[in-house]
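Read through the structure below, which is laid out as structure tokens, and then see the notes.
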Amino acid sequence: MTERSPATRRTLWLVLTLVFAFLYIPIAVLVALSFNQGGLPTVWSGFSLKWYASLAGNAAILSAALNTLIVALVSTAIATLLGTLLAIGVEMRRQYGSGLEALIFAPMIIPDIVLAVALLSFFSMLDFTLGLHTIILAHVVFNLAFVCSVVRARLKSFDWSIVEASADLGASALTTFRRVTLPVILPAVVAGALLAFTLSVDEFIIAFFTAGAGRASTTLPMQIYSMIRFGITPEINALATIVMAVSITALTLSQRLNRGVIG
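Mapping of the sequence shown onto full-length UniProt numbering: position 139 corresponds to residue 139, and the numbering continues sequentially without gaps.
Okay, here's the thing in structure tokens:
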């Protein structure tokens, strides 16, 4: 591999710096303005935590936060269970075609708007009353593929002979899974669960299409959307900062747990 000239390296670093500045300066400004004492969202007038305190007394935001937490926890639990079992089943089979791969990863590939419309049409066809339960089911469909992909990455290097040895020694399938398979893939399972939780907390389009009417099925992203239609306020900046912090924390934990899974 030829060594790049100093001018080429400087150009690459300049481009990289500009890209990261374009991506993260707006986020940094949003976080800073969430601590703005004044009511104007774009003019700094002093440091204050009053907008975060204001969120604690906002019934609509607290209700949306509770709905988001319920949807994220329940959908993550179901998607993690089904995604892990799907990954094990596919890898144990060892021979599968491109058609099966396409079916597994379709929710990850197709646009969110297409999946949202398809799920809404499906629920309407079954005459389901829309609400938190339909958002949960929709998020399970969306998150399942992500969990499956993370767990399958760990299973690629799994030695299936130890499973066969456990069966030869008289262990049941459940005992083998609990004492042999699960301890090996557990970091990938937890990483997949954290990734699914992050995606569920942030997801807006699918939740918007599959939610029922009223506050009872409004999630935080939907609440933020309804608030910004009347203009950006420091309170919205504070709320967005909290959602971002939760997402980054879960995603960081997922990456740390997933380190070393592939390869």
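Note that beta-carbon positions come from the ideal geometry of N, C-alpha and C, so glycine has one too.
Where residue i falls: helix, strand or coil (DSSP)
i: N36; result: strand
i: F47; result: strand
i: F197; result: helix
i: W13; result: helix
i: A211; result: coil
i: D202; result: helix
i: I228; result: helix
i: F22; result: helix
i: T219; result: coil
i: N58; result: coil
i: T241; result: helix
i: S247; result: helix
i: T233; result: coil
i: S75; result: helix
i: S149; result: helix
i: S161; result: helix
i: S5; result: coil
i: S254; result: helix
Pairwise C-alpha distance: residue j and residue i
i: residue 330; j: V180; result: Residue 330 lies beyond the range of the chain shown here (1 to 263); nothing can be said about it.
i: N58; j: G231; result: 17 Å
i: H139; j: A196; result: 9 Å
i: M1; j: T11; result: Per-residue confidence for M1 stands at a pLDDT of 46, beneath the threshold of 50, marking its modelled position as unreliable; no derived number is given.
i: N143; j: A53; result: 33 Å
i: A64; j: T252; result: 24 Å
i: A56; j: L182; result: 40 Å
i: Y225; j: L73; result: 22 Å
i: R93; j: T8; result: 49 Å
i: L66; j: A211; result: 15 Å
i: L49; j: E235; result: 10 Å
i: F128; j: I248; result: 34 Å
i: F109; j: F35; result: The sequence shown places Ile at residue 109, not Phe. If I take the Cα positions, the gap works out to 38 Å.
i: T198; j: A250; result: 6 Å
i: A32; j: G99; result: 48 Å
i: Q37; j: P6; result: 46 Å
i: A60; j: L18; result: 39 Å
i: M222; j: S124; result: 21 Å
i: L220; j: S200; result: 11 Å
i: V29; j: L126; result: 46 Å
i: I25; j: L14; result: 16 Å
i: residue 287; j: I136; result: Within the shown structure, residues of the chain are numbered from 1 to 263, placing residue 287 beyond reach of any answer.
i: T68; j: G39; result: 27 Å
i: G263; j: F146; result: Its pLDDT being 45, under 50, G263 is placed unreliably by the model, and the measurement read from it follows with that caveat. Computed Cα separation, rounded: 18 Å.
Does the region 145-164 come close enough to the region 181-192 to have 3 or more Cβ pairs within less than 8 Å? yes
Below 8 Å, how does it come out for the region 165-179 and the region 116-124: are there three or more Cβ pairs, yes or no? no
Every unbroken alpha helix (DSSP H) within the region 93-146, with a cutoff of 4 residues, ordered by chain: Every alpha helix (DSSP H) stretch that sits fully inside the region 93-146 and reaches 4 residues is listed by chain position as 98-109 and 112-125.
contact_flag[the region 198-218, the region 97-107] where n(CB pairs < 8 Å) is 3 or more: With fewer than three CB-CB distances shorter than 8 Å, the region 198-218 does not count as touching the region 97-107.
Can you list the alpha helix (DSSP H) stretches of 4 or more residues lying completely in the region 163-199, in chain order? Restricting attention to alpha helix (DSSP H) runs no shorter than 4 residues, the region 163-199 encloses them at 173-176, ordered along the chain.
Quick one: any contact between the region 230-249 and the region 76-89, if contact means 3 or more CB pairs under 8 Å? no
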